[in-house]
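In what follows, a single structure is set out as C-alpha cells and then discussed.
2 protein chains.
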Amino acid sequence: MTQTSRARKFGLAVAQMGPVHLADSRQAVVKRLVEMLREAAARQATFVVFPELALTTFFPRYWMTEEEAVERYFERAMPNADVQPLFDAARELGVGFYLGYAELTADGRRFNTAVLVDRAAKVVGKYRKVHLPGHDDHKPDAPFQHLEKKFFEVGNLGFPVWNTQDINVGMCICNDRRWPETWRSMSLQSAELIVLGYNTPSWNIHWTEPVHLRTFHHEIVLQASAYQNAVWIGAAAKCGSEDGFHMIGSSMIVAPSGEIVARASGEEDEVITAQIDLDLGTTFRQHVFNFAKHRSPDQYRLIVERTGAGEPLPLPPEARG
Amino acid sequence: MTQTSRARKFGLAVAQMGPVHLADSRQAVVKRLVEMLREAAARQATFVVFPELALTTFFPRYWMTEEEAVERYFERAMPNADVQPLFDAARELGVGFYLGYAELTADGRRFNTAVLVDRAAKVVGKYRKVHLPGHDDHKPDAPFQHLEKKFFEVGNLGFPVWNTQDINVGMCICNDRRWPETWRSMSLQSAELIVLGYNTPSWNIHWTEPVHLRTFHHEIVLQASAYQNAVWIGAAAKCGSEDGFHMIGSSMIVAPSGEIVARASGEEDEVITAQIDLDLGTTFRQHVFNFAKHRSPDQYRLIVERTGAGEPLPLPPEARG
Numbered sequence: 001m002t003q004t005s006r007a008r009k010f011g012l013a014v015a016q017m018g019p020v021h022l023a024d025s026r027q028a029v030v031k032r033l034v035e036m037l038r039e040a041a042a043r044q045a046t047f048v049v050f051p052e053l054a055l056t057t058f059f060p061r062y063w064m065t066e067e068e069a070v071e072r073y074f075e076r077a078m079p080n081a082d083v084q085p086l087f088d089a090a091r092e093l094g095v096g097f098y099l100g101y102a103e104l105t106a107d108g109r110r111f112n113t114a115v116l117v118d119r120a121a122k123v124v125g126k127y128r129k130v131h132l133p134g135h136d137d138h139k140p141d142a143p144f145q146h147l148e149k150k151f152f153e154v155g156n157l158g159f160p161v162w163n164t165q166d167i168n169v170g171m172c173i174c175n176d177r178r179w180p181e182t183w184r185s186m187s188l189q190s191a192e193l194i195v196l197g198y199n200t201p202s203w204n205i206h207w208t209e210p211v212h213l214r215t216f217h218h219e220i221v222l223q224a225s226a227y228q229n230a231v232w233i234g235a236a237a238k239c240g241s242e243d244g245f246h247m248i249g250s251s252m253i254v255a256p257s258g259e260i261v262a263r264a265s266g267e268e269d270e271v272i273t274a275q276i277d278l279d280l281g282t283t284f285r286q287h288v289f290n291f292a293k294h295r296s297p298d299q300y301r302l303i304v305e306r307t308g309a310g311e312p313l314p315l316p317p318e319a320r321g
Numbered sequence: 001m002t003q004t005s006r007a008r009k010f011g012l013a014v015a016q017m018g019p020v021h022l023a024d025s026r027q028a029v030v031k032r033l034v035e036m037l038r039e040a041a042a043r044q045a046t047f048v049v050f051p052e053l054a055l056t057t058f059f060p061r062y063w064m065t066e067e068e069a070v071e072r073y074f075e076r077a078m079p080n081a082d083v084q085p086l087f088d089a090a091r092e093l094g095v096g097f098y099l100g101y102a103e104l105t106a107d108g109r110r111f112n113t114a115v116l117v118d119r120a121a122k123v124v125g126k127y128r129k130v131h132l133p134g135h136d137d138h139k140p141d142a143p144f145q146h147l148e149k150k151f152f153e154v155g156n157l158g159f160p161v162w163n164t165q166d167i168n169v170g171m172c173i174c175n176d177r178r179w180p181e182t183w184r185s186m187s188l189q190s191a192e193l194i195v196l197g198y199n200t201p202s203w204n205i206h207w208t209e210p211v212h213l214r215t216f217h218h219e220i221v222l223q224a225s226a227y228q229n230a231v232w233i234g235a236a237a238k239c240g241s242e243d244g245f246h247m248i249g250s251s252m253i254v255a256p257s258g259e260i261v262a263r264a265s266g267e268e269d270e271v272i273t274a275q276i277d278l279d280l281g282t283t284f285r286q287h288v289f290n291f292a293k294h295r296s297p298d299q300y301r302l303i304v305e306r307t308g309a310g311e312p313l314p315l316p317p318e319a320r321g
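Protein chains in written order, with the UniProt record's numbering: chain A, 1 to 321; chain B, 1 to 321.
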C-alpha cells in the first residue's frame, strides 16, 4: 500500500460468534476469540469487532438472582486471567478490538459494557449500554426471559468517541442500534466508524412478531444509520442456538452509503473483513449530511425535553392553517 | 366494515405525479390531482398524499431571481382560484389531503410548504420545510441547480402533529426524511401517520454518486424511520423527466414494521392505496419503542447543543478504560 492509501484505508474485521452454551468455559470461548483474531490479522485487519457479552451465554434469558448472575457471568476486571490470552495475541499481532462483557465495578455496580483496546493491547475506552431492552420481572409464561433491566444499570458514560489508530471510533451495544439518538450523538463528535456487538433473540417474547422481521429490522437500522450519520459500521452477532435459544446472525460491515459491504453467511464463528475507505464518509459529511449547513437544533428540543411520547404540542398560530 | 375495524383501519392513498413541465399550466396540473383524488376515493381512501411543490415544475433547478420565482411559482393563498377545483372535489367526496406548494406570505416571506386539509376541505394544518437541501449560489458548471436555500427560508413552525380524522398526523417534506430528528420530533408527540411529498433529482450535483443509490437511500430512510418511530408513512413523489431533468419515483406506503406495503411501479401519475392498521404502530410503541421505558434524554443533549459536527467531547474518567 502507498502512503496515500494507508492514510484513508482501514482494515476492519467483524468476528461473529456461534453459540456459547451454559457448559462452555470462558477459557474455551477465549480460545475461539483468539483464533478469529489471528484470522483477522492474517487478512490484513488491524481492528476486530467481537460481540456483546462475548464471554458467556446470553444469560439475561434465565431467571436468577443478581447475586447468582454476578457469580457466574460478570467480570471484575478487564483484562483478567481468563481473557489475558486474547490481549496477549492482540499485542503480538498489533490488532485492536472491541469486546463486550458483563462488568462488575469495584463498588458493586453492574453494566452491559464494551471495551476499546488499542494495537498495544491497552484498554483505551469503555462504553456502557444505554438502551437496555426487556424487563426486570419474572415472566413465567414466556419461553425465555429478557432480564437486562434486572441485571444491568443504564449506562452512565454517554456516547463517547475515541481516537484510536488515527480514526474517530464510537461504540454502542445491541439494542442501542435501534435508537437514532445513539448514532447522532456520535456523528456530532465526528465519529467515522461505529462498532457494536449484539445478542438478538430470534423470537420476540412481547408479541407474535414474524421471525424474519427480526433480521430485517437489524438490517434497516444499520443501513439507514450508517447513511444518516455518514459512518462506517461494524456489527458482530453472537448467534445460533444457545442451549436451544436461537439468536439472529447477519453480522455485517455497512458503508456510509448504507450499502452492506460484507456479511456473515452462517450462524457459527465467522470472520468477515473489508478494507474500508474512510473518505467515503467524508464525502457524505461535506454535502447531504453537512450538519452545520442543514441541521436546525432549535426545532429538535423535544428530543431532550421529553422521555416518553406525549400529547401534540400546542400549534403555533400559523400551523393551524 | 364493522365499527371495531373502522376504529383502527384507515384508508390511505398516495398520489404520485409524473413530470410537470415548464409549459404545463396550474389548471392542467390541478385537473390531474382531481382525477387522482377521485380514484383514491373510489378505492376507499379518505386521505390522499400529494407531492412537494405539486403545482409547478421543480423550479429550484433553474437559476433566476427571487422576484422571477415568486412571480411564476409561488402561491399567495391556499386555496386560490387555480387550486379551488381540488378543494371542491375533496369536499364533495369527503377526502382529506396533503398538498405541497411554494408559499408566499402576506409579508413577503417564502417557504416550501405543505397544507393538511380535512374531509370538509378546510385547511387545518400547515408545515414549512425545515431541512432545505442544496445551495444559494449559481453553479454554472452543474447540469442543473438546487436552489432551495436561495428561494426558501428554513421553516419556522417546528414539527407539529395534528389530529384529523381521529388520527395523529405529522407532515414533512422531501429532504426532511433523511434526518432522524424530523421523525422523532413527531413520534414524541404520538404521531401515528407521517406524510410527505418529494422531488428528488436522480443525479447528485455535488459528487458522482451512483444513480441507483438515490432510490436506495429514499427506501432505507423511510423503512428505518417508520420502524424506529412506530409510525405509518405515506410518501408521494413528483418524478420522471421534467423538461429533461429526471427525478426518482418509488412513492410508497411503509408500515411501522418497516415493510413497504404499497409502492408505485412507474414514473407517471399513479395512485397507490392501503387500508392501514393503526394498531400495528401501537404494538411497537408498547414494547420495543416504549419511549418512556427506554429513552435516556440526559444522554442525548448534544443533539440540541451542537449544530455541526465537532471534536469528541472530553471523556468521562471511567470511559478512558
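Heads up, the beta-carbon is just placed ideally off N, CA and C, and yes, glycines get one too.
Identity of the residues DSSP links to residue 128 of chain B by a beta bridge: B:113
Excluding the 5 residues preceding and the 5 following residue 134 of chain A in the sequence, name in chain order all residues of the same chain whose CB lies nearer than 7 angstroms to its CB. 60, 146, 147, 148 and 149
Whole-angstrom distance between residue 295 of chain B and residue 209 of chain A, CA atom to CA atom: 22 angstroms
Mind listing the chain B neighbours of residue 163 of chain A? Cutoff is C-beta to C-beta under 9 angstroms, in chain order. 312
Only counting the same chain, and skipping five residues up and downstream in sequence, which positions put a Cβ closer than 6 angstroms to that of residue 198 of chain B? So the qualifying residues of the chain are 52, 174 and 237.
Burial state of residue 57 of chain A (16 or more Cβ within 10 Å): Residue 57 of chain A is buried by the Cβ-count criterion.
Along the alpha helix (DSSP H) that carries residue 220 of chain B, what are the first and last residues, could you check? 212-229
To the nearest angstrom, how far is it from the Cα of residue 180 of chain B to the Cα of residue 214 of chain B? 18 angstroms
Look at the Cβ atom of residue 276 of chain A, then the Cβ atom of residue 262 of chain A, and state whether they are nearer than 7 angstroms. For residue 276 of chain A and residue 262 of chain A, no; Cβs fall outside 7 angstroms.
With DSSP collapsed to three states, give me the class of residue 299 of chain A. helix
Provide the residue(s) that pair with residue 172 of chain A in DSSP beta bridges, ordered along the chain. Partner(s): A:196.
What is the DSSP secondary structure of residue 252 of chain B, reduced to helix, strand or coil? Residue 252 of chain B sits in a strand when the DSSP states are folded into three classes.
Could you check which residue in A:306, A:280 and A:292 has the C-alpha nearest to that of residue 8 of chain A? It is A:280 whose Cα lies nearest to the Cα of residue 8 of chain A.
Residue 265 of chain B to residue 310 of chain B, Cα distance in whole Å? 42 angstroms
Does the CB of residue 32 of chain B have a neighbour CB from chain A at under 7 angstroms? no
I need the straight-line Cα distance from residue 229 of chain A to residue 256 of chain A, nearest angstrom please. If you take the alpha carbons of residue 229 of chain A and residue 256 of chain A, they lie about 7 angstroms apart.
Output, in sequence order along the chain, the residues in the region 215-232 of chain B whose CB is closer than 8 angstroms to any CB in chain A. 216, 217, 220, 221, 223, 224, 225, 227 and 228
Complete alpha helix (DSSP H) runs within the region 59-100 of chain A (minimum length 4 residues, chain order): 66-73 and 84-93
Going along chain B in order, which residues have a C-beta closer than 8 angstroms to the C-beta of residue 120 of chain A? Within 8 angstroms Cβ-Cβ: nothing; residue 120 of chain A doesn't reach chain B, min ~12 angstroms.
Counting contacts by CB-CB distance shorter than 7 angstroms, is residue 299 of chain B in contact with chain A? yes
According to DSSP, simplified to helix, strand and coil, what is residue 273 of chain A? strand
Partner residues on chain A for residue 181 of chain B, Cβ-Cβ distance less than 7 angstroms: 300 and 303
Quick check: residue 128 of chain B and residue 96 of chain B, are their CB atoms within less than 7 angstroms of each other? Contact: no.
Residue 281 of chain A, DSSP secondary structure in three states: Residue 281 of chain A carries a helical assignment under DSSP once its states are collapsed to helix, strand and coil.
Could you compute how far the alpha carbon of residue 105 of chain B sits from the alpha carbon of residue 79 of chain B? For residue 105 of chain B and residue 79 of chain B, the distance between alpha carbons rounds to 13 angstroms.
Start and end of the alpha helix (DSSP H) containing residue 183 of chain B? 180-187
Residue 292 of chain B touches chain A at which residues, Cβ-Cβ below 7 angstroms? 307 and 308
Would residue 142 of chain A and residue 170 of chain A be called neighbours here (beta carbons separated by less than 7 angstroms)? no
Identify the contact partners of residue 126 of chain B in chain A, using a Cβ-Cβ distance below 8 angstroms as the criterion. 318, 319, 320 and 321
Pairwise C-alpha distance: residue 139 of chain A and residue 19 of chain B: 56 angstroms
Alpha carbon to alpha carbon, what distance is there between residue 300 of chain A and residue 158 of chain B? 8 angstroms
Below 8 angstroms on C-beta distance, what does residue 187 of chain A contact in chain B? The contacting residues are 309.
Span separating the alpha-carbon of residue 131 of chain A from that of residue 232 of chain A: 21 angstroms
Please decide whether residue 283 of chain A counts as near chain B, where near means a Cβ-Cβ distance under 7 angstroms. At least one beta carbon of chain B lies nearer than 7 angstroms to the beta carbon of residue 283 of chain A.
So is residue 96 of chain A in contact with chain B if we call contact Cβ pairs under 7 angstroms? no
Exposed or buried, residue 108 of chain A, counting other C-beta atoms within 10 Å across all chains shown (16 or more means buried)? exposed
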